[in-house]
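First residue of the sequence shown: 2, per my numbering; consecutive thereafter.
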Amino acid sequence: MLIFSGSSNRSLAKKVAKRLSLSLSEIEIHTFPDRENRVRVIDKVLDKDVVVVQSTGVSPNRYYMELFFILDSLKRSGARSVTLVIPYLGYQRQDHIFRSGEAVSLEVIINLIKTLKVDRVISFDLHSLRIEEFFKTKRIRLSHLSALSVFAKEIKKMGGNDLVLVSPDMGGIRRIKLLAELLENKTPCISIEKNRDLNTGEVESTKINGEVKKRVIIVDDVISTGKTLISAADLLKKNGAEEIYVMATHGIFAGDAPENLEKSIIKKVIVSDTIEVRKNRRFNKLQVVSVYPLITKTLEK
Ligand code: R5P
């Protein structure tokens with residue numbers, strides 16, 4: 002097996018390769034002054050099973066174009082099979098039409114992955130069950146992994162009983178129930194009703210369903226602007242929460258999110274490394290846990 006990495010999350014790719022006693026294979030990714038990319042596979046891939054690790058996050062367009070060229074170069078160079086490890090599948094929140102006239106951007110991405118002859122996709126905590134269906138329809142083998150088991154370990158380390166799991170919107174209730182199962186159902190679950198203005202992106206948390214406790218853990222799939230979490234945390238605080246933690250699989254941290262989360266009432270933000278948080282985007286309250294063992298285990302299957 003050969004492992005290639007795009008430039009979005011080389012640190013995760015290196016951890017995966019190391020656990021499999023491999024080094025990253027050589028690839029050249031050149032960016033021209035006009036920001037076009039040129040990709041060249043250096044190691045020989047003829048008749049080899051190849052893994053490509055490339056996530057998205059901030060700059061999804063840049064990383065997707067890079068990925069598409071990597072996939073094309075591997076097939077042209079004769080790779081026998083290609084497994085795409087795309088820990089954060091960008092555009093996944095655009096998985097259906099919200100308002101008439103919109104594109105279903107995620108379907109476009111999956112069509113391109115299919116066209117570029119990917120045999121298998123490994124990804125984490127996809128936003129909706131509908132996304133699994135897209136892959137099934139396209140006959141692409143999907144391994145849908147989750148960082149929840151890693152978060153369950155962190156919660157066990159925290160200890161204590163006065164804890165409640167919170168979904169910051171109705172779409173995330175399934176997620177906290179799965180996490181509660183991993184915690185042997187000892188932790189209660191509550192949810193928040195939220196409204197997002199699709200034109201301005203502003204978020205308002207309107208109502209809590211369930212009983213707030215002193216310590217709360219808000220669990221989400223993605224943190225982009227951080228507005229969902231900050232608004233949920235403010236409402237929980239007003240309703241009696243004293244220590245507020247956040248756990249989310251994908252930390253995009255767009256725009257002012259790092260500063261806003263740092264100055265919020267949230268005590269700690271734990272994300273996984275499906276997206277690499279660059280040094281200049283890290284903040285004191287941030288903790289990153291790694292999902293690489295889950296990827297290597299899946300690749301070995
Ligand atoms: C929404 O349905 C998602 O699960 C996240 O809650 C949302 O995408 C987070 O975005 P932001 O951090 O910009 O509020």
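Every residue gets a Cβ at the ideal spot worked out from N, C-alpha and C, and that includes glycine.
(1) If you reduce the DSSP assignment to three classes, tell me which class residue 195 lands in.
(2) Output the residue ranges of the beta strand (DSSP E) runs that lie fully inside the stretch 81 to 153 and measure 3 residues or longer, sorted by chain position.
(3) Got a sec: does the ligand R5P put a non-hydrogen atom nearer than 8 Å to the Cβ of residue 224?
(4) By DSSP, does residue 219 sit in helix, in strand, or in coil?
(5) Going by DSSP, what residue range makes up the alpha helix (DSSP H) through residue 1?
(6) For residue 105 and residue 195, I'd like the C-alpha separation in whole angstroms.
(7) Measuring CB to CB, does residue 79 end up less than 9 Å from residue 46?
(8) Just to check, is the beta-carbon of residue 170 closer than 8 Å to a non-hydrogen atom of the ligand R5P?
(9) Any idea what DSSP makes of residue 69, helix, strand or coil?
(10) Does residue 44 come out as helix, strand or coil in the three-state DSSP assignment?
(11) In the DSSP assignment, find the unbroken alpha helix (DSSP H) run with residue 249 in it and report its ends.
(12) Contact between the stretch 85 to 97 and the stretch 34 to 44 is defined here as three or more beta-carbon pairs at a separation below 8 Å; is this criterion met?
(13) Whose C-alpha, out of 213, 269, 231, is nearest the C-alpha of residue 206?
(14) The beta strand (DSSP E) with residue 210 in it runs from where to where?
(15) For residue 94, is the beta carbon positioned less than 8 Å from some heavy atom of the ligand R5P?
(16) Quick check on the burial criterion: 16 or more other C-beta atoms within 10 angstroms. Buried or exposed for residue 248?
(17) How is the beta strand (DSSP E) around residue 269 delimited, first residue to last?
(18) Check whether the Cβ atoms of residue 337 and residue 126 sit closer than 9 Å, and answer yes or no.
(19) In chain order, what residues of the same chain lie with their CB nearer than 6 Å to the CB of residue 385, ignoring the 5 residues before and after it?
(20) Measure from the alpha carbon of residue 204 to the alpha carbon of each residue in 211, 229, 186, then state which is nearest.
(21) Under a three-way DSSP split, which group does residue 279 fall into?
(22) Helix, strand or coil, according to DSSP, for residue 301 in the structure here?
(23) Determine which residues share a DSSP beta bridge with residue 38 and list them.
So, to answer that:
(1) strand
(2) 82 to 86, 121 to 125, 142 to 146
(3) yes
(4) Here residue 219 sits in strand by DSSP.
(5) Any property of residue 1 remains undetermined from this structure, which presents the chain solely from 2 to 302.
(6) 23 Å
(7) yes
(8) Yes, since a heavy atom of the ligand R5P falls inside the 8 Å radius drawn around the Cβ of residue 170.
(9) helix
(10) Reduced to three states, the DSSP call for residue 44 is coil.
(11) It is not in any alpha helix (DSSP H) - residue 249 instead sits in the beta strand (DSSP E) that spans 244 to 252.
(12) no
(13) 231
(14) 204 to 210
(15) yes
(16) buried
(17) 269 to 273
(18) It is not possible to answer for residue 337, since the shown part of the chain is limited to 2 through 302.
(19) This structure cannot settle anything about residue 385, because the visible part of the chain is limited to 2 through 302.
(20) 229
(21) Three-state result, residue 279: coil.
(22) helix
(23) Beta-bridge pairing by DSSP links residue 38 to 32.
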